[in-house]
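Here is the structure we will look at, set down as structure tokens.
Number of protein chains: 2
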Amino acid sequence: MTVLDDKGASPPMSHAPADTPNLSAVRTDVDVLLTAFLDRKAHLAPGPELAPLFTVLSRLLGRGKRLRPQLCLAGWHAGGGGGDQSTALNVAAALELFQAFALIHDDVMDGSDLRRGRPTAHRALAAAYTNDGGRRSKAEAHGVSAAILLGDLALVWSDDLLHSAGLGDEALKRIMPLVDTMRTELVYGQYLDLRSADRLSDDVEAALRVVRYKTAKYTVEWPLRLGAVLAGAAPHVLDACSAFALPLGEAFQLRDDLLGVFGDPAETGKPVGDDIREGKATVLMALAVQRASAAEKQMLRTLVGSPAATDDDILRVKAVLQRTGAQQHVERMINARRETALAVLDQTVFPTVATRVLREIVQIATVRQA
Amino acid sequence: MTVLDDKGASPPMSHAPADTPNLSAVRTDVDVLLTAFLDRKAHLAPGPELAPLFTVLSRLLGRGKRLRPQLCLAGWHAGGGGGDQSTALNVAAALELFQAFALIHDDVMDGSDLRRGRPTAHRALAAAYTNDGGRRSKAEAHGVSAAILLGDLALVWSDDLLHSAGLGDEALKRIMPLVDTMRTELVYGQYLDLRSADRLSDDVEAALRVVRYKTAKYTVEWPLRLGAVLAGAAPHVLDACSAFALPLGEAFQLRDDLLGVFGDPAETGKPVGDDIREGKATVLMALAVQRASAAEKQMLRTLVGSPAATDDDILRVKAVLQRTGAQQHVERMINARRETALAVLDQTVFPTVATRVLREIVQIATVRQA
Chain A
760 MTVLDDKGAS
770 PPMSHAPADT
780 PNLSAVRTDV
790 DVLLTAFLDR
800 KAHLAPGPEL
810 APLFTVLSRL
820 LGRGKRLRPQ
830 LCLAGWHAGG
840 GGGDQSTALN
850 VAAALELFQA
860 FALIHDDVMD
870 GSDLRRGRPT
880 AHRALAAAYT
890 NDGGRRSKAE
900 AHGVSAAILL
910 GDLALVWSDD
920 LLHSAGLGDE
930 ALKRIMPLVD
940 TMRTELVYGQ
950 YLDLRSADRL
960 SDDVEAALRV
970 VRYKTAKYTV
980 EWPLRLGAVL
990 AGAAPHVLDA
1000 CSAFALPLGE
1010 AFQLRDDLLG
1020 VFGDPAETGK
1030 PVGDDIREGK
1040 ATVLMALAVQ
1050 RASAAEKQML
1060 RTLVGSPAAT
1070 DDDILRVKAV
1080 LQRTGAQQHV
1090 ERMINARRET
1100 ALAVLDQTVF
1110 PTVATRVLRE
1120 IVQIATVRQA
Chain B
760 MTVLDDKGAS
770 PPMSHAPADT
780 PNLSAVRTDV
790 DVLLTAFLDR
800 KAHLAPGPEL
810 APLFTVLSRL
820 LGRGKRLRPQ
830 LCLAGWHAGG
840 GGGDQSTALN
850 VAAALELFQA
860 FALIHDDVMD
870 GSDLRRGRPT
880 AHRALAAAYT
890 NDGGRRSKAE
900 AHGVSAAILL
910 GDLALVWSDD
920 LLHSAGLGDE
930 ALKRIMPLVD
940 TMRTELVYGQ
950 YLDLRSADRL
960 SDDVEAALRV
970 VRYKTAKYTV
980 EWPLRLGAVL
990 AGAAPHVLDA
1000 CSAFALPLGE
1010 AFQLRDDLLG
1020 VFGDPAETGK
1030 PVGDDIREGK
1040 ATVLMALAVQ
1050 RASAAEKQML
1060 RTLVGSPAAT
1070 DDDILRVKAV
1080 LQRTGAQQHV
1090 ERMINARRET
1100 ALAVLDQTVF
1110 PTVATRVLRE
1120 IVQIATVRQA
């Protein structure tokens, strides 16, 4: 089970003319808000023993590519928000804390060792424990427990930041229902994903539903809509945001699934075959099962979700994904969704500053190599 | 590491004269709110596959003794809240969802099998997975991951309930800072507790600090103050709430620590010696270490925190806790704190309905057998 990280989705470069707000500064602005927030918390912390929580969280936060903040700010401008982006930036910072929560718990659930090129939270907290004199024999269990708590803290703080950011009652009242829905939908998506893992299935619709909850709505639609709602966007603008976000989000995840199997490990940072060994129930796999021969199905049943699968086994599975045409079909699905998203941008009159960033995000999300 | 469950702390019986609000109805009122909330969520859930999350959460919620709601309502009346308890009841229901989150993650971290006499969330979700055709070999890992997600969901929903309960902007604005602080302090307390486990220490102050964060503030002070703040209590009333809550909360946890070692398993539902095998860094243990002979210290170092400790080993550790006078000292600490809490009630003019319930909670929390 995985929450889509936005590694590889670099923030759009700035083409902003001097007279339009500079969206590419979002990364810096969000960094400043997150650092100030964590500094406040650290200042109030009841003891030095809590230091590892701050170290690990700020390191993780420092390495995000700020895709959700970019979308939130683009939504702000799409919704007619003015030059003062401060409320949208605070919401964007809260989204990054929420994503940190999602990634920390996700890595615990997957038992992953690396995240954004560094040890995952549970590994880092296990190391901190032994460095600090904790028993080696208990370090791994400690790391997992501490990471569960750190994820909880990031979730609690994503809320705290919203409350303490001086958003104003009106803005808060407008966005909290969306935030609540976003949070619930992410957990639902994660659970559906978890449940479907290790069950080789030909149900493309079920796989697409997981994609919708886990990525399309959480990673793209809600950040964009949150910004737009903050700006007081008209209903037709919000509809346009969703019409753009959902196909883009699906394309984003479908690309991620392809990269998980066919990507260059040097680029993706993921060992070859991990997705196959984990038995991820992707659209790609469901399509292959639909089209596989009896013998191929039998082989997939044996190898997909088997941690013991050898590199040769992985190659045989990849061959089936290609021979059945599943890989090309997913490429076509990505293209169709990219075209739909771009068409929405063509048909909708968003302010240039928003349209420009959204176009760049479409490219980054669907054509990336990592 | 443990969050104090309120099993055994039965809701006060009603002595309420007809003309005062019936605080003992709190349990029913909170049940109704929680059931209605979960029904709304279940109605909106995107698929039947999510059913296990609802089953397990509502079963857990159904078995709480509603200590925090009792305190929240007592605070409401202490703060001068009127007969319409609805806002306080909604906050009380949110506190129960938050406690469900804390218990679910706590049981995952401790690897506990039973909670409130039933399988813990991760065990129940593992069983649901296999019943539903999931691979036996993956059931345990699935249960843990699903329970992490269910805990996350309960946390998200404790917030959702606050937002959707029609508390009104004014009430929300008043309590959110307290709620945020409460959440952060619980996670801090859990982390400090986790960190101190398996490190035999004579630091009574450190052990007391964990008690303060994990129990005194979270379980007693914040629920009481939340109710009082909702009612618009005057500052001196809030001070009285804390002056009452902190010693009571410490006494509550100290009693729990004694029961964890010397309690009757038939009453506590905890296997004898579990706290010792887990190496819980309690005030009781710190006092024993302070007073132990070199030989006794050596023995404690070997046996405390050793899952392999035999029942004879446990008896030897208990003997040290008694011979050193640590057990009696903790009894005296409990009595001193109970007296302080009761003295606050004597010196403070809370409305009778509040004082009565708070007196009953003092008895339940400090004199209980389970």
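Quick note, the sequences are listed as chains A and B, same order.
Going by the working numbering, the first sequence opens with residue 760, and the numbers climb by one from there.
Going by the working numbering, the second sequence opens with residue 760, and the numbers climb by one from there.
Note that CB positions come from ideal geometry on N, CA and C, so glycine has one too.
A straight-line Cα-Cα distance of about 37 Å links A:Ala801 and A:Glu1037. By the neighbour-count definition (other C-beta atoms within 10 Å, threshold 16), A:Ser960 is an exposed residue.
Listed in chain order, the positions of the stretch 973 to 997 of chain B with a beta carbon within less than 8 Å of a beta carbon of chain A would be empty, since no residue qualifies.
In the DSSP assignment, B:Asp865 falls within the unbroken alpha helix (DSSP H) covering 845 to 869.
Taking C-beta separations shorter than 6 Å and ignoring five residues to either side along the sequence, the partners of B:Glu1026 in its chain run Gln1128, Ala1129, following chain order. Given a length threshold of 4 residues, each whole run of the alpha helix (DSSP H) inside the stretch 975 to 1014 of chain B is given here in chain order: 981 to 989.
Short of 8 Å from the beta carbon of B:Gly927, and not among the five residues preceding or following it, lie these beta carbons of its own chain, in chain order: Thr846.
For the pair A:Leu997 and A:Ile934, the CB atoms are not nearer than the 8 Å cut-off.
As a beta-bridge residue in DSSP terms, B:Pro878 pairs with B:Leu873.
A:Pro982 sits close to A:Gly834, with the two beta carbons spaced by under 8 Å.
Excluding its 5 nearest sequence neighbours in each direction, B:Ala956 has C-beta neighbours in its own chain below 8 Å: Met760, Glu1037, Gly1038, Lys1039, Ala1040, Gly1064, listed in chain order.
Under the three-state reduction of DSSP, A:Lys1029 is assigned to coil, being neither helix nor strand. Judged by pairs of C-beta atoms under 8 Å, the stretch 806 to 821 of chain B touches the stretch 903 to 914 of chain B, as three or more such pairs exist. Counting along the chain, the unbroken alpha helix (DSSP H) around A:Glu1055 starts and ends at 1053 to 1062. Annotation: A:Leu931 to A:His922 spans about 8 Å, alpha carbon to alpha carbon.
Restricting attention to B:Asp911, B:Leu809, B:Leu1101, B:Asp843, the CA atom closest to the CA of A:Arg954 is found in B:Leu809.
Within the same chain, and ignoring the five residues on either side of B:Ser917 in sequence, the residues whose Cβ sits closer than 7 Å to its Cβ are Ala853, Leu856, Phe857, Phe860.
Distance from the CA of B:Gly892 to the CA of B:Ala885, rounded to the nearest whole angstrom, comes to 11 Å.
Comparing alpha carbon positions, the residue from A:Met1092, A:Ala1054, A:Leu920, A:Thr978 closest to A:Arg1075 is A:Ala1054. Here A:Val1089 is near A:Leu1043, since their CB atoms are less than 8 Å apart.
Per the Cβ contact rule, the stretch 1013 to 1023 of chain B is not in contact with the stretch 864 to 882 of chain B (fewer than 3 Cβ pairs under 8 Å). B:Asp939 and B:Thr1107 have their C-alpha atoms roughly 28 Å apart. The beta carbon of A:Ala999 sits closer than 7 Å to the beta carbons of Val1103, Thr1107 from its chain, once the five residues preceding and following it are set aside; these are given in chain order. A:Leu953: member of the alpha helix (DSSP H) spanning 928 to 955, first to last residue. Residues of the stretch 921 to 943 of chain B with a C-beta less than 8 Å from any C-beta of chain A: His922, Ser923, Asp928, Lys932, Met935, Pro936, Asp939, Arg942, Thr943, listed in chain order. Ranked by how close their Cα comes to the Cα of B:Pro807, the residues B:Ala887, B:Gly910, B:Ala1085 have B:Ala887 in first place. Closer than 8 Å to the CB of B:His901 there is at least one CB belonging to chain A. The Cβ neighbour count for A:Val1126, taken over all protein chains shown within 10 Å, is under 16; the residue is labelled exposed.
With respect to A:Thr1099, A:Ala1051 sits apart: the two C-beta atoms are not nearer than 8 Å.
Annotated three-state conformation of A:Ala924 is coil, per DSSP. Look at B:Ala1068 here: in three-state DSSP terms it is coil, with no helix or strand label. The beta-carbon distance between B:Val915 and A:Arg942, rounded to whole angstroms, is 4 Å. This is short enough to meet the 8 Å contact definition. Within the model, the alpha-carbon separation for A:Leu832 versus A:Glu980 is close to 13 Å. With distances taken between CA atoms, A:Leu951 lies nearest to A:Arg968 out of A:Arg968, A:Arg875, A:Pro936.
When A:Leu803, A:Ala880, A:Asp843 are compared, the shortest CA-CA separation from A:Leu909 is found for A:Ala880.
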